[in-house]
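> I have a structure I would like to understand better, so I am pasting it below and will then ask my questions one at a time.
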Amino acid sequence: TIVGIIIFGAGVFSALASISIGKVTQRLTMPRIIFTATWAVGSLFILQYLMPSIWGLGVFRAIAGFFMGFITPIANTLISKAVPIERRGIVFGAVSSVAMMGNVLGPVISGVIARAFGYGAVFWSTATIFFVASWFVYRNLVMSRESSSS
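Under this note's numbering, read the sequence shown as residues 86 to 235, first letter to last.
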């Protein structure tokens, strides 16, 4: 189906991003990468909403998948650097549980939003979540790193 092709494309682009992380981290700091990735995903969800065709939506979904491919590996690396080794198992267990809850609750909540407000609201609410995450990353990681280095 067309939806299967779109999901497959997003997955392929996400895998490509994960493979390229090593080269990207040689040029940019990890906080800057995760900030850029979350901001880009939010922007790309708005572009997906604006697409008049399913194929346009698919292209922007694949590009969003590319940027999403940076988020989890970089976040896990930042967590492993910030958490003492004896607490990492607990922290990664909690992070994994929250990610799984997001995988389950995301589609359910999106369905509720779509039914109540229309499909467009799903794209806008998802974009808003990524913009809030981007702001949080910028405020707590990017700015703190830049202020500590000056």
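Here a beta-carbon is modelled for each residue, glycine too, at the ideal position from N, C-alpha and C.
Since this is a predicted model, take the numbers as computed values, not measurements.
Between 128, 98 and 155, which lies nearest to residue 117 when the distance is taken from Cα to Cα?
For the purposes of this step, residue 117 is identified with residue 32 of the sequence shown, where counting begins at 1. Checking every option, the nearest Cα to that of residue 117 belongs to 155.
> Any contact between the region 169-185 and the region 104-111? By contact I mean 3 or more CB pairs, one from each, below 8 Å.
Short answer: they don't touch.
> Check whether the region 92-99 and the region 192-204 touch, using three or more Cβ-Cβ pairs below 8 Å as the test.
No, the region 92-99 does not touch the region 192-204.
> For the alpha helix (DSSP H) containing residue 170, name the first residue and the last one.
Mapped onto the sequence shown, residue 170 falls at position 85. Looking at the DSSP string, residue 170 is not in any alpha helix (DSSP H), and its letter there is neither H nor E.
> Going along the chain, which residues of its own chain have a beta-carbon closer than 6 Å to the beta-carbon of residue 199, five neighbours each way excluded?
Stepping through the sequence shown from its first residue, residue 199 is reached at position 114. Correct list, in chain order: 207.
> Whose CA, out of 185, 147 and 128, lies closest to the CA of residue 91?
Counting from one through the sequence shown, the residue named residue 91 turns up at place 6. The option with the nearest alpha carbon to residue 91 is 147.
> Can you check whether the CB of residue 159 is closer than 8 Å to the CB of residue 176?
Here residue 176 refers to the residue found at position 91 when the sequence shown is read from its first residue. Here residue 159 refers to the residue found at position 74 when the sequence shown is read from its first residue. Result no, Cβ atoms of residue 176 and residue 159 do not sit closer than 8 Å.
> Determine whether the beta carbon atoms of residue 143 and residue 89 lie at a separation below 8 Å.
On the sequence shown, position 58 is the one that residue 143 refers to. On the sequence shown, position 4 is the one that residue 89 refers to. No; because the gap between Cβ atoms is not below 8 Å, this pair is not in contact.
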